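Read through the structure below, which is laid out as structure tokens, and then see the notes.
Protein chains: 2
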Amino acid sequence: MIKKNIQRIIQYRMCLLRFQSLGFERIFSYTLAQEIGVSPEQVRKDFSQFHLRGNKKAGYLIQDILDQINDLLHKEDIHKIIMVGLGNIGQALIKYKGFANRNMQLVAGFDIDPAKLKKNCRIPTFSAKEIPVVVQKENVHIGIIAVPEAAAQEVCNNMVEAGIKGILNFAPVMLKTPPDVVVQNISVCGDLEALVYVTEKNKKQES
Amino acid sequence: MIKKNIQRIIQYRMCLLRFQSLGFERIFSYTLAQEIGVSPEQVRKDFSQFHLRGNKKAGYLIQDILDQINDLLHKEDIHKIIMVGLGNIGQALIKYKGFANRNMQLVAGFDIDPAKLKKNCRIPTFSAKEIPVVVQKENVHIGIIAVPEAAAQEVCNNMVEAGIKGILNFAPVMLKTPPDVVVQNISVCGDLEALVYVTEKNKKQES
DNA sequence: ATTAAATTGTTAATTTATAAACAAAAAGAT
DNA sequence: ATCTTTTTGTTTATAAATTAACAATTTAAT
Ligand SMILES: NC(=O)c1ccc[n+]([C@@H]2O[C@H](COP(=O)([O-])OP(=O)(O)OC[C@H]3O[C@@H](n4cnc5c(N)ncnc54)[C@H](O)[C@@H]3O)[C@@H](O)[C@H]2O)c1
Ligand SMILES: NC(=O)c1ccc[n+]([C@@H]2O[C@H](COP(=O)([O-])OP(=O)(O)OC[C@H]3O[C@@H](n4cnc5c(N)ncnc54)[C@H](O)[C@@H]3O)[C@@H](O)[C@H]2O)c1
Numbered sequence: 004m005i006k007k008n009i010q011r012i013i014q015y016r017m018c019l020l021r022f023q024s025l026g027f028e029r030i031f032s033y034t035l036a037q038e039i040g041v042s043p044e045q046v047r048k049d050f051s052q053f054h055l056r057g058n059k060k061a062g063y064l065i066q067d068i069l070d071q072i073n074d075l076l077h078k079e080d081i082h083k084i085i086m087v088g089l090g091n092i093g094q095a096l097i098k099y100k101g102f103a104n105r106n107m108q109l110v111a112g113f114d115i116d117p118a119k120l121k122k123n124c125r126i127p128t129f130s131a132k133e134i135p136v137v138v139q140k141e142n143v144h145i146g147i148i149a150v151p152e153a154a155a156q157e158v159c160n161n162m163v164e165a166g167i168k169g170i171l172n173f174a175p176v177m178l179k180t181p182p183d184v185v186v187q188n189i190s191v192c193g194d195l196e197a198l199v200y201v202t203e204k205n206k207k208q209e210s
Numbered sequence: 004m005i006k007k008n009i010q011r012i013i014q015y016r017m018c019l020l021r022f023q024s025l026g027f028e029r030i031f032s033y034t035l036a037q038e039i040g041v042s043p044e045q046v047r048k049d050f051s052q053f054h055l056r057g058n059k060k061a062g063y064l065i066q067d068i069l070d071q072i073n074d075l076l077h078k079e080d081i082h083k084i085i086m087v088g089l090g091n092i093g094q095a096l097i098k099y100k101g102f103a104n105r106n107m108q109l110v111a112g113f114d115i116d117p118a119k120l121k122k123n124c125r126i127p128t129f130s131a132k133e134i135p136v137v138v139q140k141e142n143v144h145i146g147i148i149a150v151p152e153a154a155a156q157e158v159c160n161n162m163v164e165a166g167i168k169g170i171l172n173f174a175p176v177m178l179k180t181p182p183d184v185v186v187q188n189i190s191v192c193g194d195l196e197a198l199v200y201v202t203e204k205n206k207k208q209e210s
């Protein structure tokens with residue numbers, strides 16, 4: 004549902020940061036394209052759509068493009084995120100150190116199981132009942148759902164009620180939300196099943 | 004890169020199983036559509052493309068469609084999967100109980116850190132050097148990469164060399180593989196950044 | 001038996017996304 | 001100073017995906 008071009012812009016950004024850290028000041032559409040596995044025309048088209056301009060014959064000025072992409076992605080702010088469900092996935096995300104690099108911060112975790120709240124976490128944890136209080140106090144707009152399938156829709160409803168506008172969902176269900184709330188699904192099993200399908204198909208085609 | 008229609012077929016399957024477990028024998032394109040958030044025409048088109056036939060006025064026979072989708076997705080076999088990287092994400096996946104339901108089995112984990120191999124896991128763990136041995140012995144085609152960005156491409160190369168044909172990649176890099184090896188990326192941070200972009204845009208449009 | 005209602009399945013239309021083509025500009029070479 | 005090469009940015013073309021339209025068929029009702 005989220006446009007492909009913005010997803011690529013996010014990838015270009017990571018790639019530009021990597022090239023910059025390697026000491027490059029400029030980059031060509033061709034290089035960027037190769038790195039993220041698209042055509043150079045796709046890169047130029049994406050850049051054009053977001054008014055990211057380069058220099059003929061001299062390519063793109065990395066710092067300049069990065070500044071503009073950072074603007075687009077609101078990288079001037081740190082974006083607060085809550086997570087509901089402190090099981091396997093929830094704990095893995097809490098331990099993850101990579102959010103800060105990308106201007107995001109997990110500000111609170113929630114669970115219904117009091118045992119899960121006792122673990123000494125890097126972030127404060129609360130009973131799931133506290134979702135509305137914390138969301139409103141901290142002014143959070145993004146939430147992650149890492150609860151079992153059976154609880155996901157209810158948790159989602161509570162998040163929406165509390166004011167969350169974007170949800171990253173690990174549970175294998177399609178959540179129902181009002182039109183102003185966007186959901187992004189992560190489907191580990193679904194992706195694996197798709198890989199099985201494609202690899203088996205390739206195998207057959209060879210023979 | 005993987006076709007959208009097969010991804011939806013995978014979703015339909017989960018939905019059909021749920022309806023079946025609720026006692027339903029038949030289902031309409033409209034119901035299925037609503038559940039996974041597409042139009043009924045989309046459902047019928049997808050079904051048509053995979054030759055999944057229903058009955059006019061009586062909808063689709065759930066068991067019948069499931070049998071055929073199971074065939075398509077090779078659900079007659081259990082698909083073996085290896086995982087490289089036994090850190091936060093790796094551990095979360097190892098503890099996950101949901102693979103068996105979907106005819107998939109994590110058969111081995113790998114890491115370069117000997118400390119990670121000592122943890123008493125539900126699956127056997129090996130030094131990363133053993134990847135080719137285990138992959139060939141167990142005849143595995145699918146692998147998961149859950150190592151840091153800096154190690155991902157090398158691990159990928161080793162997997163490909165060993166005979167892996169499909170990779171689920173959690174590291175925030177675009178892996179380079181030969182054309183007969185398919186990669187599916189999971190990008191938690193990227194998805195969150197996309198959510199930030201969309202929610203901020205929606206916010207602006209309202210005002 | 002006939003008619004009406006409901007639902008599929010296919011074809012056509014539209015939209016979106018990707019790829020190709022090429023003119024324009026900039027840099028460098030002659 | 002002119003010509004050549006390179007690379008962007010836009011325009012045009014192609015392909016993929018979604019939506020709409022509608023005939024065909026089945027069931028149920030009259
Ligand atoms: N772990 C994986 O590798 C994996 C893989 C694919 C999909 N998933 C999906 O991700 C989700 C989480 O998986 P997991 O392995 O972390 O599960 P888990 O069972 O380890 O953790 C779920 C947590 O959610 C909490 N919870 C349950 N109901 C709740 C509620 N109403 N409010 C707040 N918290 C609640 C539980 O107490 C538990 O701590 C599941 O939907 C699962 O299907 C996980
Ligand atoms: N944990 C998260 O929530 C999260 C979120 C987004 C992205 N990711 C990405 O997922 C990947 C894994 O994240 P993590 O948090 O589990 O990292 P982690 O550091 O906890 O675990 C990585 C594991 O890989 C092992 N490793 C390193 N090099 C290896 C090699 N060459 N061969 C085999 N094993 C090797 C390490 O010993 C370690 O055990 C990273 O690329 C990370 O950027 C993780």
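Here the protein sequences line up with chains B and H, keeping their order.
Start counting the first sequence at 4; every next residue gets the next number (my numbering).
Start counting the second sequence at 4; every next residue gets the next number (my numbering).
Idealized CB from N, CA, C, for every residue including glycine.
This structure is a prediction, so every number in the text was calculated from the model and none was measured.
Neighbour flag for residue i against chain H, beta carbons, 7 Å
{"i": "B:Ile-65", "result": "no"}
{"i": "B:Leu-20", "result": "no"}
{"i": "B:Thr-202", "result": "yes"}
{"i": "B:Leu-55", "result": "no"}
{"i": "B:Met-107", "result": "yes"}
{"i": "B:Gln-52", "result": "no"}
{"i": "B:Met-177", "result": "yes"}
{"i": "B:Ala-95", "result": "yes"}
{"i": "B:Asn-205", "result": "yes"}
{"i": "B:Phe-112", "result": "Residue 112 of chain B is actually Gly in this sequence, not Phe. By this cut-off, B:Gly-112 is not an interface position."}
{"i": "B:Asp-183", "result": "yes"}
{"i": "B:Ile-5", "result": "yes"}
{"i": "B:Val-199", "result": "yes"}
{"i": "B:Gln-10", "result": "yes"}
{"i": "B:Gly-40", "result": "yes"}
{"i": "B:Asn-142", "result": "no"}
{"i": "B:Ile-92", "result": "yes"}
{"i": "B:Ile-72", "result": "no"}
is_contact[residue i, chain B] using C-beta, thresh 7 Å
{"i": "H:Gln-187", "result": "yes"}
{"i": "H:Glu-196", "result": "yes"}
{"i": "H:Arg-125", "result": "no"}
{"i": "H:Tyr-33", "result": "no"}
{"i": "H:Tyr-99", "result": "yes"}
{"i": "H:Gly-169", "result": "yes"}
{"i": "H:Cys-192", "result": "yes"}
{"i": "H:Leu-221", "result": "One cannot answer for residue 221 of chain H here, as it falls past the ends of chain H, which runs 4 to 210."}
{"i": "H:Asn-161", "result": "no"}
{"i": "H:Ile-148", "result": "no"}
{"i": "H:Ile-115", "result": "no"}
{"i": "H:Ile-145", "result": "yes"}
Whether residue i touches residue j by CB criterion (7 Å)
{"i": "B:Glu-141", "j": "B:Val-110", "result": "yes"}
{"i": "H:Val-186", "j": "H:Ile-170", "result": "yes"}
{"i": "B:Ala-197", "j": "H:Gln-14", "result": "no"}
{"i": "H:Met-107", "j": "B:Leu-195", "result": "yes"}
{"i": "H:Ile-5", "j": "B:Val-201", "result": "yes"}
{"i": "B:Ala-95", "j": "H:Ala-118", "result": "no"}
{"i": "H:Phe-113", "j": "H:Phe-102", "result": "no"}
{"i": "B:Lys-83", "j": "B:Val-143", "result": "yes"}
{"i": "H:Ile-167", "j": "H:Gly-146", "result": "yes"}
{"i": "B:Asn-8", "j": "B:Asp-49", "result": "yes"}
{"i": "H:Ala-149", "j": "H:Gly-93", "result": "yes"}
{"i": "B:Ala-165", "j": "B:Val-138", "result": "yes"}
{"i": "B:Glu-152", "j": "B:Val-136", "result": "no"}
{"i": "B:Ile-68", "j": "B:Ile-12", "result": "no"}
{"i": "H:Cys-124", "j": "H:Ile-97", "result": "yes"}
{"i": "H:Glu-79", "j": "B:His-77", "result": "no"}
{"i": "B:Ala-155", "j": "B:Ala-174", "result": "yes"}
Burial state of residue i, where buried means 16 or more other Cβ atoms lie within 10 Å
{"i": "B:His-54", "result": "exposed"}
{"i": "B:Arg-105", "result": "buried"}
{"i": "B:Glu-38", "result": "buried"}
{"i": "H:Val-41", "result": "buried"}
{"i": "H:Arg-16", "result": "buried"}
{"i": "H:Asn-172", "result": "buried"}
{"i": "H:Leu-178", "result": "buried"}
{"i": "H:Leu-35", "result": "buried"}
Original post:
Enumerated in chain order, which unbroken segments of the beta strand (DSSP E) with a length of 3 residues or greater are wholly contained in the region 53-106 of chain B?
Top reply: 82-87
Original post:
Should the region 53-73 of chain H be called in touch with the region 24-36 of chain H, which here means at least 3 C-beta pairs below 8 Å?
Top reply: yes
**OP:** Assess, as a yes-or-no matter, whether the region 195-209 of chain B is touched by the region 173-185 of chain B under the definition of 3 or more beta carbon pairs within less than 8 Å.
**Re:** no
Original post:
At what residue ranges does the region 136-204 of chain H contain a whole run of the alpha helix (DSSP H), taking only runs of 4 or more?
Top reply: 152-165
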